[in-house]
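Take a look at the structure set out below.
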Amino acid sequence: MPEVDADSDYIHGKIKELNIATEMKTSFLNYAMSVIVSRALPDIRDGLKPVQRRIIYAMNDLGMYSDKAHKKSARIVGEVIGKY
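Start counting at 1 in the sequence shown, then tack on 848, and there's your number in this note's numbering.
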């Protein structure tokens, strides 16, 4: 194991020695909160989640309206996965 200065947590000036359990807990919680805020919560402006907004936008691009002929949902899914 490399030597660590007594007055510093850094090894060789750039590498910091950390407790892996603490770092994983902190990093996971930060990531989880980021996902919840950016993907899982509906937007205050229109009440839609990002994935719902992408689906509606793709349906509009394909010209899918209530007065048009039926299309399978697989077509919409393919469009959303392919473009977004």
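Quick reminder that beta carbons are idealized off the backbone N, C-alpha and C, glycines included.
### Residues bridged to I859 (per DSSP)
Here the question's residue 859 lines up with position 11 in the sequence shown. When beta bridges are read from the DSSP output, I859 appears opposite I863.
### Task
Would you tell me roughly how many angstroms separate the C-alpha atoms of I863 and E871, rounded to the nearest one?
On the sequence shown, residue 863 is found 15 positions in, with the first residue counted as 1. On the sequence shown, residue 871 is found 23 positions in, with the first residue counted as 1. Our two residues, I863 and E871, have alpha carbons roughly 14 angstroms apart in a direct line.
### Query
With C-beta atoms as the reference, is R902 less than 8 angstroms away from V885?
One-based indexing of the sequence shown puts residue 902 at position 54. One-based indexing of the sequence shown puts residue 885 at position 37. Result no, Cβ atoms of R902 and V885 do not sit closer than 8 angstroms.
### Query
When the Cα atoms are used, what is the spatial distance from I859 to E865?
For the purposes of this step, residue 859 is taken as the residue at position 11 of the sequence shown. For the purposes of this step, residue 865 is taken as the residue at position 17 of the sequence shown. Linking I859 to E865 through their CA atoms gives a straight-line distance of about 7 angstroms.
### Query
Can you name, in chain order, every residue of its own chain whose Cβ lies under 6 angstroms from the Cβ of G895, other than the five neighbours on each side?
By 1-based counting over the sequence shown, the position of residue 895 is 47. Excluding positions up to five away in sequence, the list is empty.
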